[in-house]
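Asker: After the structure tokens below, expect a handful of questions from me.
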Amino acid sequence: MSYVEKLDKLFLAGSINALDKNEKLNISDEDINLLHGGRESRNRIIHSSADLVFDKIYSSRDSSIDAELHDLIYEHLKNIARADFIVSKWSFEFQEKEPSNFSDIDNYTKMISDWVLSDFKEEEDFR
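Here the sequence shown stands for residues 9 to 135, where the numbers follow the working numbering.
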């Protein structure tokens with residue numbers, strides 16, 4: 009079984025830890041922390057969003073997105089986008105065996121955040 013196949017069989021935390029322990033890859037602690045932060049934010053969004061949605065349904069409150077929900081989603085969405093940037097960069101470099109042209113994590117994060125949140129409000133409301 010190849011290294012990639014072994015990683016595919018792990019939960020995300022296990023995959024990140026396996027990458028961290030692979031001395032050939034020399035992944036920085038900052039990047040590993042970014043990946044774990046993205047994983048934790050993904051989980052938080054799923055669980056917290058479900059709780060907030062059900063709370064809104066059962067309390068008969070206005071169904072529009074409120075400040076608490078916005079802040080929760082936006083902060084964790086940024087973490088996910090930043091982790092995705094790192095994984096995409098590495099994937100390109102591993103496959104192509106050359107440096108990637110992925111250079112601006114902040115612009116990528118904004119682009120992903122704006123795209124995901126575009127159904128909720130106008131872009132200027134989410135900055």
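Ideal Cβ placement from N, Cα and C applies to all residues, glycine included. Note that the coordinates shown come from a computational prediction; the quantities given were computed from them, not determined experimentally.
1) Tell me, to the nearest whole angstrom, how far the beta carbon of Ile-120 is from that of Ala-89; I am working on the premise that it is less than 8 Å.
2) From this set, Leu-33, Asn-87, Ala-26, Ser-56, which residue's C-alpha is nearest Gly-45's C-alpha?
3) Does the distance from the C-beta atom of Phe-102 to that of Phe-110 stay below 8 Å?
4) Which residue's Cα is closest to the Cα of Leu-85: Glu-104, Asp-114, Trp-98?
5) Sort Pro-107, Glu-83, Gly-22, Glu-106 by Cα distance to Lys-118 and report the nearest one.
Answerer: Quick look at the numbers:
1) 4 Å
2) Asn-87
3) no
4) The candidate whose alpha carbon is nearest that of Leu-85 is Asp-114.
5) Glu-83
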